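Letter by letter, the first sequence follows residues 390 to 540 in our numbering. Since the structure comes first, as C-alpha cells, the remarks are kept for the end.
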Amino acid sequence: MKYWLMKSEPTDYSIDDLEQDGFIDWYGIRNYQARNFMRDQMSIDDLAFFYHSNCKEPGIVGVMKVCKLAYPDKLQFQSGHKYHDPKSDPNNPRWVNVDMAFVKKTRLLSLNEIRTYPELETLKILQRGNRLSITPLSEFEWDFINKKLAT
DNA sequence: GCCAACGTTGGC
DNA sequence: GCCAACGTTGGC
Numbered sequence: 390m391k392y393w394l395m396k397s398e399p400t401d402y403s404i405d406d407l408e409q410d411g412f413i414d415w416y417g418i419r420n421y422q423a424r425n426f427m428r429d430q431m432s433i434d435d436l437a438f439f440y441h442s443n444c445k446e447p448g449i450v451g452v453m454k455v456c457k458l459a460y461p462d463k464l465q466f467q468s469g470h471k472y473h474d475p476k477s478d479p480n481n482p483r484w485v486n487v488d489m490a491f492v493k494k495t496r497l498l499s500l501n502e503i504r505t506y507p508e509l510e511t512l513k514i515l516q517r518g519n520r521l522s523i524t525p526l527s528e529f530e531w532d533f534i535n536k537k538l539a540t
C-alpha cells in the first residue's frame, strides 16, 4: 500500500466533480516522472490526497483511491485536443492514466496550514521548485495529515 | 498577471 | 551530449 498526493486545478476538475462522478480517469499527465509513478508504482487501493492547485485556496480537500491500474491516456491520440501528443506511437503509447475513485471529502487543509507543521517539512510539494503533480507520501506523512484532517 | 524554477526541445 | 530558448507550473 502506497500513499500519494495528486494535484488538480479545481477549475479543470475538482473534488466536487469527483464526488459526483464517483471515479475519474486521471487524464492529462504529461510529465515523465509523474507518469512513471502511475505506470510503475501505483497499485489498486493505494490512497491519495486530492489537492487543489493554482487556485485561491490551494490545499488538500479530499481522499481518493486507485481503482484501475495504468492504461493509455486516450487524449494523447485526439488530434486538436489540448493533450494531443503527435509524437506518441499508438503501438507504444507514451502517456498513461489510472482511474481514481472518490473516497471522501475532507476539510480544507490549506498549503499555509501544511507549512506550519514541522512534521511535514519533508513533503515533496514543499520542496523548493517542486512542481510534480503526483508525489508519493511516507506513511508517517499520510497518518499525520489524516490526524490533522480529523480535527 | 507576474515570475521563479523547472522540464523539454532542437540546433550544433 | 551540450545548452540556449522556450514552455509550463503554481503560489502569490
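From the three backbone atoms N, C-alpha and C, an ideal C-beta is built for every residue, glycine too. Because the structure is a prediction, the values reported are computed rather than measured.
- In the structure shown, the three-state DSSP call for Asp-401 is coil.
- A residue is called buried when at least 16 other Cβ atoms come within 10 angstroms of its Cβ; Ser-432 does not meet this threshold and is exposed.
- The alpha-carbon separation between Gln-409 and Glu-530 amounts to approximately 28 Å.
- Of all C-beta pairs linking the segment 465-483 to the segment 427-443, fewer than three are shorter than 8 Å, placing the two stretches out of contact.
- The way I'd put it, the segment 507-522 doesn't touch the segment 450-458; fewer than three beta-carbon pairs between them come closer than 8 Å.
- Here DSSP, grouped into helix, strand and coil, assigns Asn-420 to coil.
- For Ile-534, the enclosing alpha helix (DSSP H) begins and ends at 528-539.
- Secondary structure at Lys-494: strand, using DSSP grouped into helix, strand and coil.
- The continuous beta strand (DSSP E) containing Ile-413 extends over residues 412-414.
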